[in-house]
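Asker:
Number of protein chains: 2
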Amino acid sequence: MHSPDRGAIRELSRDEIDAFLLEQRIARLGCHAGGLTYVVPVIYAYDGECVYAVTTEGQKVAMMRESPRVCVEVDEYDADGRGSWRSVIAYGEYEELGGDDVGLALAALREAFGREAPADGGRGLGPGVVAFRIRLDELTGRAVAR
Amino acid sequence: MHSPDRGAIRELSRDEIDAFLLEQRIARLGCHAGGLTYVVPVIYAYDGECVYAVTTEGQKVAMMRESPRVCVEVDEYDADGRGSWRSVIAYGEYEELGGDDVGLALAALREAFGREAPADGGRGLGPGVVAFRIRLDELTGRAVAR
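As given, the protein sequences belong to chains A and B, one line each in that order. Sequential numbering from 1 applies to the first sequence in this note's numbering. Sequential numbering from 147 applies to the second sequence in this note's numbering.
#1: Just the C-alpha distance for residue 174/A and residue 18/A, rounded to the nearest angstrom, thanks.
#2: Please confirm whether residue 94/A has its beta-carbon closer than 8 Å to some beta-carbon of chain B.
#3: Mind checking if residue 66/A is an interface residue toward chain B, Cβ cutoff 8 Å exclusive?
#4: Look at the Cβ atom of residue 177/B, then the Cβ atom of residue 37/A, and state whether they are nearer than 8 Å.
#5: What separation, rounded to the nearest whole angstrom, lies between the Cα atoms of residue 280/B and residue 241/B?
#6: CB-CB under 7 Å to residue 268/B, same chain, minus the five flanking residues each way: which ones, in chain order?
#7: Classify residue 254/B as buried or exposed, calling it buried when 16 or more other Cβ atoms lie within 10 Å of its own Cβ.
#8: List the residues of chain A that residue 232/B touches, going by C-beta distances under 8 Å, in chain order.
#9: Less than 8 Å between CB atoms is the rule here; does residue 185/B satisfy it with respect to chain A?
#10: Between residue 223/B and chain A, is there a C-beta pair that is closer than 8 Å?
#11: Of all the residues that make up the segment 168 to 192 of chain B, which are near chain A by a beta-carbon distance shorter than 9 Å?
#12: Thinking C-alpha only, which one of 154/B, 220/B and 167/B is nearest residue 39/A?
#13: In the DSSP assignment, what residue or residues form a beta bridge with residue 41/A?
#14: Check the Cβ of residue 280/B against every Cβ in chain A and list those closer than 8 Å, keeping chain order.
#15: Determine, for residue 195/B, whether the minimum Cβ-Cβ distance to residues of chain A falls below 8 Å.
#16: Would you say residue 89/A reaches chain B, if we count a Cβ-Cβ gap shorter than 8 Å as a contact?
#17: Find the residues of chain B that neighbour residue 16/A, judging by a C-beta separation of less than 7 Å, and give them in chain order.
As structure tokens, this is what we get:
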């Protein structure tokens with residue numbers, strides 16, 4: 001089977017982008033502060049509007065607090081063994097969650113990962129743990145089928 | 147089997163970082179120019195010092211020409227089905243290759259990918275195609291075994 005557009009780069013629709021973000025697990029966050037550009041992987045959940053993650057205090061949290069506009073990149077390469085790939089690049093504002101909003105992040109992660117997700121057991125997140133979301137805008141996706 | 151440090155984050159040695167970069171295929175480049183932070187995946191080859199890639203003219207090339215200091219991120223999640231992961235974050239200067247140096251990039255990609263790699267067939271790269279390398283410094287790697 002040789003489709004006419006085999007190997008050509010195709011733009012993903014918003015529905016395809018959402019489906020891809022719902023099925024993937026790792027996003028790379030790109031942030032920039034103090035002259036440094038930093039890319040770091042995070043395990044995330046997606047609810048159709050926001051990426052949610054829980055992390056610990058550190059370089060990426062400090063940078064995103066200083067410069068909240070971040071890039072979110074998700075890709076998948078060669079899942080079919082033929083070199084096909086999909087990638088999504090989006091932007092959004094880093095928003096730290098506190099109080100009841102922490103539950104939004106934990107619920108999204110539980111929905112995505114079941115028992116693997118962190119739980120607060122009603123006792124809060126613990127010292128040094130940070131929950132955040134990034135409301136995505138400017139989403140673009142591309143795919144090549146081989 | 148429960149190793150005492152099961153689940154703990156471990157720093158990778160330089161040898162482990164090099165082995166990981168040699169075995170992986172996709173790097174995410176983080177660049178920043180004109181107030182925008184951009185993360186984009188590239189298929190790369192690594193020779194122990196530099197990441198090599200071939201791409202087309204576009205946003206990432208324009209941004210890296212303007213601001214050559216970039217972040218290179220490579221990760222692998224859940225290759226064992228238990229949630230273990232490894233990631234490497236490094237920095238380096240974008241260096242565009244021309245003339246005979248294009249052969250360095252193509253040779254590295256052929257070494258890594260065999261016949262999948264682009265070939266110039268002695269005719270150069272063609273219009274709009276860009277070969278570049280990033281000589282890595284400040285490499286750090288982390289791993290969690292589960």
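Built from N, CA and C at the ideal position, the CB exists for glycine as well.
Answerer: Taking the coordinates as given:
#1: Because chain A in this structure spans residues 1 to 146, residue 174/A falls outside the shown range and cannot be described.
#2: no
#3: no
#4: yes
#5: 6 Å
#6: In this predicted model, residue 268/B has a pLDDT of only 49, less than 50, meaning its place in the structure is not dependable; the value taken from the coordinates is given anyway. Result list for residue 268/B: empty, nothing under 7 Å.
#7: buried
#8: The premise fails here: residue 232/B is roughly 10 Å from chain A at the closest Cβ pair, so nothing lies under 8 Å.
#9: yes
#10: yes
#11: 171, 172, 174, 175, 176, 177, 178, 181, 182, 183, 184, 185, 186, 187 and 189
#12: 220/B
#13: 28/A
#14: Residues of chain A passing the Cβ test: none, with the nearest at roughly 12 Å.
#15: no
#16: yes
#17: Within 7 Å Cβ-Cβ: nothing; residue 16/A doesn't reach chain B, min ~17 Å.
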